[in-house]
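Visitor: If you read the protein sequences in the order shown, they are chains A and B. Every letter in the first sequence is one number past the one before it in the working numbering, and letter 153, counting from 1, is 153. Every letter in the second sequence is one number past the one before it in the working numbering, and letter 175, counting from 1, is 350.
Protein chains: 2
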Amino acid sequence: MSRTKARAALLQELEAAMRRSSAQGVLYGQTVANVAGIANSDLECMDILYLEGRVTAGRLAEVTGLTTGAITGVVDRLEKAGLVRRERDEKDRRKVFIAVVPETIAKLGQFYVPMQQAMEKVCNGYSDEELRLLLRFCNEGYKAVLAATEALKRLIDTPPEKRPDLKLKKRPRQS
Amino acid sequence: MSRTKARAALLQELEAAMRRSSAQGVLYGQTVANVAGIANSDLECMDILYLEGRVTAGRLAEVTGLTTGAITGVVDRLEKAGLVRRERDEKDRRKVFIAVVPETIAKLGQFYVPMQQAMEKVCNGYSDEELRLLLRFCNEGYKAVLAATEALKRLIDTPPEKRPDLKLKKRPRQS
DNA sequence: ATATATATCTTAGTCGCTAAGAGATTTAGC
DNA sequence: GCTAAATCTCTTAGCGACTAAGATATATAT
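1) Can you give the Cα-Cα distance for B/SER350 and B/VAL207, rounded to whole angstroms?
2) What residue does the beta strand (DSSP E) around A/ALA39 start on, and which one ends it?
3) For A/LEU11, would you say it is in contact with chain B, using Cβ-to-Cβ distances shorter than 8 Å as the test?
4) Would you list the one or two residues that DSSP bridges to B/THR231?
5) A/GLU15 by DSSP, collapsed to three states: which one?
6) Is it buried or exposed for A/THR68, if we count other Cβ within 10 angstroms and need 16 for buried?
7) Check the C-beta distance from A/VAL55 over to A/ILE98 and give it rounded, since I have them as a contact under 8 Å.
8) Between A/GLU150, A/VAL26, A/ARG77, which has its C-alpha nearest B/GLY240's C-alpha?
9) Would B/LEU309 and A/LEU134 qualify as a contact pair, given that the criterion is a beta-carbon distance under 8 Å?
10) Would you decide whether A/ALA9 is buried or exposed? Buried here means 16 or more other CB atoms lie within 10 Å of its CB.
11) Hey, would you say A/THR149 sits closer than 8 Å to B/GLN291, going by beta carbons?
12) For A/GLU87, which three-state DSSP category applies?
13) Pull up the distance between the alpha-carbon of A/VAL96 and that of A/VAL75, whole angstroms please.
14) Using three-state DSSP, classify A/ASN34 as helix, strand or coil.
15) How far does the alpha helix (DSSP H) with B/ASP267 in it extend, from its first residue to its last?
16) Please go through the same chain and pick out, in chain order, the residues whose beta-carbon is closer than 6 Å to the beta-carbon of A/LEU49, but skip the five residues on each side of it.
17) Which residues in chain A sit within 8 Å of B/CYS220, going by Cβ to Cβ distance?
18) If you follow the alpha helix (DSSP H) that B/GLN291 is in, where does it begin and where does it stop?
19) If I'm right that B/GLY300 touches A/VAL122 with Cβ under 8 Å, what's the distance once you round it to whole angstroms?
20) Under 8 Å, Cβ to Cβ, is there at least one residue of chain B near A/LEU155?
21) Who are the Cβ neighbours of A/LEU108 in its own chain at under 7 Å, not counting the five residues just before and after it?
22) Taking B/LEU189 as the reference, which of A/GLN12, A/ASP128, A/LEU146 has the closest Cα?
23) Nearest-angstrom Cα distance between A/LEU83 and A/GLU103?
24) Taking Cβ positions, are B/GLY204 and B/LEU218 nearer each other than 8 Å?
25) Return helix, strand or coil for A/PRO102, following the three-state DSSP convention.
26) Determine which residues of the segment 291 to 315 of chain B have a Cβ less than 8 Å from any Cβ of chain A, and write them out in chain order.
27) List the residues of chain A whose Cβ lies closer than 8 Å to the Cβ of B/VAL249, in chain order.
28) Check the Cβ of A/SER41 against every Cβ in chain B and list those closer than 7 Å, keeping chain order.
As structure tokens, this is what we get:
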């Protein structure tokens with residue numbers, strides 16, 4: 001039993017470590033937003049724009065889980081800060097594309113340099129093969145957590161008397 | 176050069192994967208808060224209480240980065256929800272310890288079951304030795320990002336004219 | 001004993017969010 | 001084509017969580 005017990009302890013330790021490091025990653029992001037002088041959601045949207053390129057306001061709402069009204073505010077702030085531009089779609093004039101003002105990518109990017117350098121240093125202590133192992137684990141973990149999130153969300157929609165009650169406050173906000 | 180180039184690509188891919196999975200982890204937490212019907216910060220505090228046990232209000236403020244005023248609100252809500260109790264320190268009557276009401280740990284804990292099961296399944300595909308590698312990487316990464324966060328924070332305190340300017344708040348007028 | 005430090009709470013004001021619905025445009029049905 | 005419904009973004013009202021500053025209570029130092 002000592003073997004499986006050691007493994008159980010290892011799993012628990014790993015979970016704690018992952019939680020800790022993940023939380024710290026979030027904190028780094030919040031600090032970036034802070035230094036850049038923009039709100040957290042604003043930075044998240046910049047991240048999406050960086051990944052996906054030119055997207056509509058509706059798509060931002062979809063990905064972030066915010067309402068379209070909130071996105072209007074986000075884009076207002078980002079536009080006022082000169083980080084993005086609104087571009088009306090000429091094909092479908094209801095739509096508004098949000099496009100990053102190119103120069104600003106570098107301006108925001110500089111704030112990630114400290115972390116990138118730190119992580120590169122850490123990675124230097126690992127072989128290619130080890131890094132591939134990490135990559136595989138990350139990807140598998142991502143899929144697993146994504147599925148778990150969906151499973152949990154379904155609880156929201158199950159009738160309250162059918163689900164494990166906590167009798168806290170009222171209806172939680174949906175996202 | 177093909178060797179180092181491959182590694183650079185690997186590093187980049189790993190970074191993206193970590194960001195993605197980390198973000199998903201956060202989303203899972205938000206969903207838990209949603210289902211439980213409490214605010215995000217409230218759940219974060221429950222997490223800290225679970226990890227550290229009985230802690231003072233001030234300690235919560237310190238760890239979360241919130242002001243003490245905000246923590247008063249958090250604890251008010253959690254206490255009203257029956258999740259924690261305030262306990263005045265008899266040795267130093269200025270201090271207020273926040274203690275989790277024991278039964279509620281299980282109530283909140285159940286929401287983490289989907290993720291724990293999913294992650295355990297993933298971990299089953301790895302040997303003890305591989306998991307130890309993952310653990311080591313997590314811990315090293317945590318320390319690195321923590322240090323990077325501190326480094327970035329210091330930018331806030333450096334005089335604005337001395338640091339890489341973004342002049343966001345002040346409307347860089349164009350057009 | 002008085003002044004200073006520490007720990008929490010209170011208050012006023014701000015910001016970003018949601019919900020609901022208005023406005024503008026496109027698509028579908030007849 | 002013309003009307004009705006659908007789609008996409010923005011507006012408005014209200015709310016909840018946050019900060020900053022200071023009040024309150026207690027502890028420590030001189």
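The beta carbon of each residue, even a glycine, is placed where N, CA and C say it ideally should be.
Guide: This is what the structure gives:
1) Its pLDDT being 26, under 50, B/SER350 is placed unreliably in this model, and the value from its coordinates should be taken loosely. Using only the alpha carbons, I get a separation of about 45 Å.
2) Per DSSP, A/ALA39 belongs to no beta strand (DSSP E) and is neither H nor E.
3) yes
4) B/PHE272
5) helix
6) exposed
7) 6 Å
8) A/VAL26
9) yes
10) exposed
11) no
12) strand
13) 11 Å
14) helix
15) Run containing B/ASP267: none; DSSP gives neither H nor E here.
16) VAL100
17) The premise fails here: B/CYS220 is roughly 13 Å from chain A at the closest Cβ pair, so nothing lies under 8 Å.
18) 288 to 298
19) Wrong, their Cβ atoms sit about 23 Å apart, outside the cutoff.
20) yes
21) ALA36, MET46
22) A/ASP128
23) 8 Å
24) yes
25) coil
26) GLN291, GLN292, ALA293, MET294, GLU295, LYS296, VAL297, CYS298, GLY300, TYR301, ASP303, GLU305, LEU306, ARG307, LEU308, LEU309, LEU310, PHE312, CYS313, ASN314, GLU315
27) The premise fails here: B/VAL249 is roughly 14 Å from chain A at the closest Cβ pair, so nothing lies under 8 Å.
28) Those within 7 Å of A/SER41 in chain B number zero; the least Cβ separation is about 12 Å.
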